[in-house]
Amino acid sequence: MTQPDTPASAGTVLFVDDEPNILSALKRLFRPTGLRVLTAPSGQDGLTLLASEAVDVVVSDMRMPQMDGAAFLKAVRERHPQVERILLTGFADMDSTVSAVNDGGISRYLNKPWQDQEILSTVKDAVERGRLQAEVARLHALTTEQNAQLKNMNAELESRVQARTRDLQTAIGKIKEANESLKQNFLTTVRVFSDLVEMRSGHMAGHSRRVAQHARALAKVAGLDETATQNVMLAGLLHDIGKIGLSDELLAKPYNTFKPEERSIYIRHAERGEAALTAVSQLKAVCKLVRHHHEMWDGSGFPDGLVGLAIPLGAQILAIANDYDGLMQGQLTARALPSREALVYISQNAGKRYNPELANAFVRMISEAGGKATPGIALRPGMLKQGMRLVLDLLHPDGYLLLPKGHVCDEDTIVQLRRLETSSGRHITVQIEAPARGSGA
Numbered sequence: 003m004t005q006p007d008t009p010a011s012a013g014t015v016l017f018v019d020d021e022p023n024i025l026s027a028l029k030r031l032f033r034p035t036g037l038r039v040l041t042a043p044s045g046q047d048g049l050t051l052l053a054s055e056a057v058d059v060v061v062s063d064m065r066m067p068q069m070d071g072a073a074f075l076k077a078v079r080e081r082h083p084q085v086e087r088i089l090l091t092g093f094a095d096m097d098s099t100v101s102a103v104n105d106g107g108i109s110r111y112l113n114k115p116w117q118d119q120e121i122l123s124t125v126k127d128a129v130e131r132g133r134l135q136a137e138v139a140r141l142h143a144l145t146t147e148q149n150a151q152l153k154n155m156n157a158e159l160e161s162r163v164q165a166r167t168r169d170l171q172t173a174i175g176k177i178k179e180a181n182e183s184l185k186q187n188f189l190t191t192v193r194v195f196s197d198l199v200e201m202r203s204g205h206m207a208g209h210s211r212r213v214a215q216h217a218r219a220l221a222k223v224a225g226l227d228e229t230a231t232q233n234v235m236l237a238g239l240l241h242d243i244g245k246i247g248l249s250d251e252l253l254a255k256p257y258n259t260f261k262p263e264e265r266s267i268y269i270r271h272a273e274r275g276e277a278a279l280t281a282v283s284q285l286k287a288v289c290k291l292v293r294h295h296h297e298m299w300d301g302s303g304f305p306d307g308l309v310g311l312a313i314p315l316g317a318q319i320l321a322i323a324n325d326y327d328g329l330m331q332g333q334l335t336a337r338a339l340p341s342r343e344a345l346v347y348i349s350q351n352a353g354k355r356y357n358p359e360l361a362n363a364f365v366r367m368i369s370e371a372g373g374k375a376t377p378g379i380a381l382r383p384g385m386l387k388q389g390m391r392l393v394l395d396l397l398h399p400d401g402y403l404l405l406p407k408g409h410v411c412d413e414d415t416i417v418q419l420r421r422l423e424t425s426s427g428r429h430i431t432v433q434i435e436a437p438a439r440g441s442g443a
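Under this note's numbering, the final residue of the sequence shown carries the number 443; numbering is consecutive throughout.
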């Protein structure tokens with residue numbers, strides 16, 4: 003066996019033949035090609051070389067002792083399938099050639115004696131073909147490996163995305179809960195502040211809360227969006243905040259009995275209310291409604307004498323709700339009117355004091371609500387249990403807010419309500435959310 007000095011970068015070819023002169027001739031022929039040439043005198047020696055050398059092409063003679071070319075090439079195919087296989091044979095060896103083709107899987111056979119140019123081009127083509135196949139195999143293996151890595155990376159990425167999505171959903175849920183809690187706390191604070199204002203004068207107790215409820219209901223009927231409806235409700239709770247500085251005597255008198263100087267003092271409360279709320283950025287839109295809730299459709303209202311649609315829609319709604327409750331409390335007229343007469347007053351002043359469409363809608367709304375049952379079930383404090391939820395605001399016997407709608411009763415709440423009922427000497431009724439059918443509550 004021979005080990006030429008030619009580097010393997012251009013390719014390696016192994017010639018197997020039992021005739022030394024044939025091997026020498028082939029070495030001389032291929033020396034100028036730059037190919038690395040190995041030779042073996044037998045099939046067994048050829049297999050030994052293949053076990054230790056990187057070979058691109060094997061060219062084997064057919065007729066050799068012990069192991070002929072067909073057997074040798076079959077062994078090469080089984081052990082080194084990536085090696086290109088070429089058979090050198092004589093015309094008398096056609097039967098053996100068929101065996102080499104079938105068993106050895108040769109890519110080409112050449113006749114002896116060979117044509118130099120033919121064998122040179124055949125071997126060079128085989129080397130190139132083998133290298134291309136090896137590169138294809140390498141790229142295929144690389145692609146398979148990279149696809150597997152990508153699959154694993156995608157699975158890991160998807161898992162991370164799902165985990166991050168869950169974290170974000172949890173965070174968003176907590177933010178929503180926090181925002182809702184802040185919103186409810188803000189609304190409760192406004193209600194409490196409104197009740198503190200009403201405690202300034204006993205006859206005002208519950209007025210702002212009722213105005214807010216009626217105004218909110220009318221805003222919904224009028225098709226206002228959620229934000230605008232809430233602003234109307236907040237304005238209803240705070241519309242009389244400017245009255246804090248008025249005297250007890252003035253607050254106790256009906257509006258239609260005011261003297262000119264008293265009227266001049268009274269009409270400033272809308273502007274004072276706006277000024278008192280200006281510092282609270284969340285109440286910017288509410289300030290405008292508080293200022294204009296005494297404007298009239300025909301322009302005879304205060305403080306700016308706005309006419310018709312120049313009056314903010316929320317203020318138009320608030321004016322109707324405020325006057326309706328004021329009529330029933332005797333704040334506008336010398337005599338407190340029942341609901342039916344107050345609605346007649348609203349109807350008669352549609353187009354004068356009030357937006358006619360809103361006034362008519364309000365009258366229908368109140369009339370239809372008159373036959374509706376109070377929501378939930380009524381319980382005394384002694385019958386309350388922890389976890390029960392209020393479906394209506396709970397008012398103190400003097401008219402101010404004790405607990406807001408939606409409050410969930412706990413042990414402290416129940417104990418305090420029982421004490422209040424005992425100390426006040428008056429019954430307290432709490433409207434509680436009715437239990438679902440089939441529940442054990």
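Each residue gets a CB set at the ideal place from its N, CA and C atoms; glycine is no exception.
query	result
CB contact flag (residue 393, residue 372, <7 Å)	no
Cross-strand partners of residue 17 (DSSP beta bridge)	41 and 61
Beta-carbon proximity check, residue 348 vs residue 361, cutoff 7 Å	yes
Exposed unless 16 or more other CB atoms sit within 10 angstroms - verdict on residue 210	buried
Proximity below 7 Å, CB of residue 234 to CB of residue 316	yes
CA-to-CA distance, residue 129 to residue 140, given in whole angstroms	16 Å
Contiguous alpha helix (DSSP H) assignments of at least 4 residues, all confined to the region 222-269	228-240, 250-254 and 262-268
Helix, strand or coil at residue 180 according to DSSP, with G and I counted as helix	helix
CA-to-CA distance, residue 297 to residue 236, given in whole angstroms	18 Å
Cβ neighbours of residue 136 in the same chain (closer than 7 Å, five flanking residues each side left out)	84
Between the CA atoms of residue 293 and residue 328 - distance to the nearest angstrom	18 Å
Enclosing alpha helix (DSSP H) for residue 348 [first to last residue]	341-350
Residue burial classification, residue 418 (beta-carbon count within 10 angstroms, cutoff 16)	exposed
Three-state class that DSSP yields for residue 108 in the structure shown	coil
Beta strand (DSSP E) segment containing residue 380, residue limits	379-381
Uninterrupted alpha helix (DSSP H) stretches inside the region 259-329 (no shorter than 4 residues)	262-268, 271-279 and 286-294
Pick from 149, 424, 208 and 389 that is closest to residue 413, judged by C-alpha positions	389
Anticipated Cβ contact below 8 Å, residue 307 with residue 271, distance rounded	Contact flag wrong, Cβ pair sits at about 16 Å.
Cβ-Cβ distance between residue 295 and residue 324 below 7 Å	yes
N-terminal and C-terminal residue of the alpha helix (DSSP H) that residue 418 is part of	413-426
For residue 427 and residue 321, the rounded distance between their alpha carbons	36 Å
Straight-line Cα distance separating residue 312 from residue 299	9 Å
Given 8 Å, three or more beta-carbon pairs between the region 335-351 and the region 283-292	no
Distance between beta carbons of residue 256 and residue 334, contact taken as under 8 Å	6 Å
Start and end residues, alpha helix (DSSP H) containing residue 410	Here residue 410 belongs to no alpha helix (DSSP H), and DSSP marks it neither H nor E.
Contact under 7 Å by Cβ, residue 31 with residue 15	no
Contacts around residue 368, its chain only, beta-carbon distance under 8 Å, and the 5 residues preceding and following it disregarded	216, 326, 341 and 345
Collapsed DSSP secondary structure at residue 373 in the structure displayed	Annotation note: pLDDT 49 at residue 373 (below 50); position unreliable, coordinate value reported separately. Of the three classes helix, strand and coil, the one that applies to residue 373 here is coil, per DSSP.
Residue 47 to residue 17 span [Cα, whole Å]	11 Å
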